[in-house]
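Undergrad: Here you go, one structure.
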Amino acid sequence: METFITTPVLLTGGAILDLQTNQRHPVDLVIRDGRIDRIGRQESASFSGEVRDISGHLVVPGLIDMHVHLREPGREDEETIESGCAAAMAGGFTAVCCMPNTDPPCDRQEVVRFIKKRSEDQLVDVYPIAAITKKREGKEITEMADLHRAGAVAFSDDGSPVQNAAVMRHALEYAGMYGAPVIDHCEDESLSSGGHMNEGRMSTRLGLAGIPDISEEIMIARDISLAEYTGGRIHIAHLSTRKGVEQIRRAKEAGVQVTCEVTPHHLALNEEMLMHYDTNLKMGPPLRTLSDQEALLAGLKDGTIDVFASDHAPHSAEEKEVEFSAAPNGILGLQTMLGIVLARVVQPGVLSLAEALAKMIITPRTILRLDVPQIREGEPANFTVLNPEKNWTMNSGLNRSRSRNMPYFGWTLPGVIWGVCNKGRLWIA
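Each residue of the sequence shown is one higher than the one before, counting from 16 in this note's numbering.
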């Protein structure tokens, strides 16, 4: 249920989670005119407005997913901005960043403005990421200044790795002039071409052409060197290999401006699960080994990995219900990311709850130079209400995406979303 906040709302019985200390502070919140009007104990009997009991839940600044494919314009059969925002709210997000591999691609001001216009009536903030190159062909740099002025927060050719080092060099130089990061899908296609899963013992066993981990690592090394040379900011998307974690760790120690993200599916799934050729487990980069997963968790623990991002990539049933080698890469992730992070990262003690949430609240916005919402009196009401201990089960009735391409149906996960608030609106699950 989504409503405009036309009368004051009292959220009672909950607690604010301090992301710096991991401490929980029991408080009531009064929301008035789209802002946090009061924080403190409030008698509900004497309150003139709507009262909502959120006992057992935590209030945190609104979550953001900086790597989402909304498919609009061009593939509205798979997802629309509206349906993607619905999935985002159900997952606890008040903001998403949408990748430019639309049709037409987000390589012109008109497309950036279209996305912003189409999303302005949504509770969720939608931030366009513009293409690095025209038509995402990897050849000619887009008009980055115009795209940035129109509202693009970063640049990426995601899904089409930039193969030309000179092009990437210039992209880092130009984007750096506007303070924007360049986000790269690291893959040397001369090594990965024709592959369908991680190269190794399992690909041989299943008779599928493999994608070697070095195809990712060579491009990570190149991008790190270019970022060091240009002084630009590079963000490595969907990191998946052990050596990739090591490369970024060393680069950070050397002072290179490099950040990176990990997806929930690379933490929860691995190549051993491909025995039944389930195309919902086909993605790019591919699912890797248990050793790679352990390295990703270690990278989270020591701070090498900065961000959790879903790489939410809807595909139609017609595209996915084919033989494995013919299916496209991609998996849904907006509604299940928080639960997987809690199950795979927080509950085993890799990170505290506050540390994990910071990688979905503070760090992504810091990288993108967006304002971080604050739970303070007088601030705009932009927050998520969740119960990290309570379990729920993903089923088709809960799915808010237009697509169904994920293996998580039937999974029981922690982290129930009570609701989200943003832009003067309150959505209650």
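Beta carbons: idealized from backbone N, C-alpha and C, even for Gly. Keep in mind the model is a prediction, meaning the values are calculated, not measured.
Does the region 215-227 touch the region 280-291, meaning 3 or more C-beta pairs lie closer than 8 Å?
TA: The region 280-291, when compared against the region 215-227, does touch it at the 8 Å Cβ threshold.
Undergrad: Going by DSSP in three states, Val42 sits in which element: helix, strand or coil?
TA: Position 27 of the sequence shown, counting from 1, holds the residue named residue 42. Of the three classes helix, strand and coil, the one that applies to Val42 here is coil, per DSSP.
Undergrad: Suppose contacts are defined by Cβ-Cβ distances below 8 Å. Is Ile147 in contact with Ile156 by that definition?
TA: On the sequence shown, residue 147 is found 132 positions in, with the first residue counted as 1. On the sequence shown, residue 156 is found 141 positions in, with the first residue counted as 1. A contact, by the Cβ cut-off of 8 Å.
Undergrad: Residue range of the alpha helix (DSSP H) that Ala160 falls in?
TA: The residue labelled residue 160 in the question sits at position 145 within the sequence shown. Note, Ala160: alpha helix (DSSP H), 159-165.
Undergrad: Give me the Cβ distance between Phe108 and Leu349, rounded to the nearest whole Å; I'm assuming they're in contact under 8 Å.
TA: Sequence index remark: in the sequence shown, residue 108 carries index 93 (1-based). Sequence index remark: in the sequence shown, residue 349 carries index 334 (1-based). 7 Å between Cβ atoms; contact.
Undergrad: With a cut-off of 8 Å on the beta carbons, I'd call Ile377 and Leu34 a contact; round off their distance for me.
TA: Locating residue 377 in the sequence shown gives position 362, where the first residue counts as 1. Locating residue 34 in the sequence shown gives position 19, where the first residue counts as 1. Contact flag correct, Cβ pair sits at about 7 Å.
Undergrad: If you check the beta carbons only, do Leu385 and Val168 fall under 8 Å apart?
TA: Counting from one through the sequence shown, the residue named residue 385 turns up at place 370. Counting from one through the sequence shown, the residue named residue 168 turns up at place 153. In contact: Leu385 and Val168 (Cβ atoms closer than 8 Å).
Undergrad: Give every residue of the same chain whose Cβ lies closer than 8 Å to the Cβ of Ser411, excluding the five residues on either side of it in the sequence, and list them in chain order.
TA: On the sequence shown, residue 411 is found 396 positions in, with the first residue counted as 1. These residues qualify, in order along the chain: Arg419, Phe424.
Undergrad: Go through the region 222-292 residue by residue and report every complete run of the alpha helix (DSSP H) that reaches 4 residues or more, in order.
TA: Within the region 222-292, the complete alpha helix (DSSP H) runs of at least 4 residues are 229-245, 257-268, 280-283.
Undergrad: Would you kindly report the start and end of the unbroken beta strand (DSSP E) that includes Ser171?
TA: Reading the sequence shown from its first residue, position 156 is the one you call residue 171. Looking at the DSSP string, the run of the beta strand (DSSP E) that includes Ser171 is 169-171.
Undergrad: Please classify His82: does DSSP put it in a helix, a strand, or coil?
TA: As a working note, residue 82 is residue 67 in the sequence shown. Residue state, collapsed to three classes: strand.
Undergrad: Hey, does Pro115 have any beta-carbon neighbour from chain B nearer than 8 Å?
TA: The displayed structure is made up of one protein chain only, and chain B is not part of it.
Undergrad: Is His327 helix, strand or coil by DSSP?
TA: The residue given as residue 327 occupies position 312 in the sequence shown. Correct three-state label for His327: strand.
Undergrad: Alpha carbon to alpha carbon, how far is Leu372 from His281?
TA: The count along the sequence shown starts at 1 and reaches residue 372 at position 357. The count along the sequence shown starts at 1 and reaches residue 281 at position 266. Each residue's alpha carbon lies about 18 Å from the other.
Undergrad: Would the region 427-440 count as touching the region 347-366 if we require 3 or more Cβ pairs under 8 Å?
TA: With the cut-off at 8 Å, the region 427-440 and the region 347-366 touch.
Undergrad: Where do the ends of the beta strand (DSSP E) carrying Tyr193 lie?
TA: Locating residue 193 in the sequence shown gives position 178, where the first residue counts as 1. Unbroken run through Tyr193: none, as it is neither H nor E.
Undergrad: Is there contact here, the region 261-275 with the region 71-85, by at least three beta-carbon pairs under 8 Å?
TA: Segments in contact, no.
Undergrad: What does Asn420 pair with, by DSSP beta-bridge criteria?
TA: Taking the sequence shown and counting its residues from 1, the one referred to as residue 420 is at position 405. Partner(s): none; Asn420 has no beta bridge.
Undergrad: If you drop the 5 nearest sequence neighbours on each side, which residues of the same chain put their C-beta closer than 7 Å to that of His330?
TA: Translated into the one-based positions of the sequence shown, residue 330 becomes position 315. Hits under 7 Å: Glu93, Pro343, Gly345, Ser418, Asn420.
Undergrad: Quick check: Ile96 and Glu87, are their CB atoms within less than 8 Å of each other?
TA: For this step, residue 96 is matched to residue 81 along the sequence shown. For this step, residue 87 is matched to residue 72 along the sequence shown. Result yes, Cβ atoms of Ile96 and Glu87 sit closer than 8 Å.
Undergrad: Check the C-beta distance from Leu187 over to Ile251 and give it rounded, since I have them as a contact under 8 Å.
TA: Counted from its first residue, the sequence shown places residue 187 at position 172. Counted from its first residue, the sequence shown places residue 251 at position 236. Actually they are not in contact, since the Cβ atoms of Leu187 and Ile251 sit about 13 Å apart, beyond 8 Å.
Undergrad: Secondary structure at Asp317, three-state DSSP: helix, strand or coil?
TA: In the sequence shown, residue 317 corresponds to position 302, counting from 1. Three-state DSSP puts Asp317 in coil, outside helix and strand.
Undergrad: For Pro363, count neighbouring C-beta atoms within 10 Å of its own C-beta (all shown protein chains included) and say buried if the count is 16 or more, exposed if not.
TA: Position 348 of the sequence shown, counting from 1, holds the residue named residue 363. Counting Cβ neighbours within 10 Å, Pro363 comes out exposed, since fewer than 16 surround it.
Undergrad: Rank Ser175, Lys154, Gly99, Pro119 by C-alpha distance to the C-alpha of Tyr142 and give the top, closest one.
TA: Translated into positions along the sequence shown, residue 142 becomes position 127. Here the closest residue by C-alpha is Gly99.
Undergrad: Could you give the residue range of the beta strand (DSSP E) that holds Arg50?
TA: Walking along the sequence shown from the start, residue 50 turns up at place 35. Start and end: 50-54.
Undergrad: Could you pull out every residue in the same chain whose Cβ sits closer than 7 Å to the Cβ of Thr256, ignoring the five residues on either side in sequence?
TA: Position 241 of the sequence shown, counted from the start, is the residue given in the question as residue 256. So the qualifying residues of the chain are Asp228, Glu231, Glu232, Arg303, Asp307.
Undergrad: What do you get for Asp161, buried or exposed, if any count of 16 or more other CB atoms within 10 angstroms of its CB means buried?
TA: Position 146 of the sequence shown, counting from 1, holds the residue named residue 161. It is exposed - the Cβ of Asp161 has fewer than 16 other Cβ atoms within 10 Å.
Undergrad: Compare the beta carbon distance of Arg56 and Pro23 with 8 Å and say whether it is the shorter of the two.
TA: If you number the sequence shown from 1, residue 56 lands on position 41. If you number the sequence shown from 1, residue 23 lands on position 8. Going by C-beta atoms, Arg56 is not nearer than 8 Å to Pro23.
Undergrad: If you follow the beta strand (DSSP E) that Glu65 is in, where does it begin and where does it stop?
TA: Translated into positions along the sequence shown, residue 65 becomes position 50. Where Glu65 is concerned, the enclosing beta strand (DSSP E) stretches over 65-68.
Undergrad: Grouping DSSP H, G and I as helix and E and B as strand, with all else coil, what is Gly354?
TA: Sequence index remark: in the sequence shown, residue 354 carries index 339 (1-based). Helix, per DSSP.
Undergrad: With a CB to CB cut of under 8 Å and the five nearest residues on each side skipped, what residues in its chain are close to Gly209?
TA: Numbered from 1 along the sequence shown, position 194 holds the residue referred to as residue 209. The residues are Ala224.
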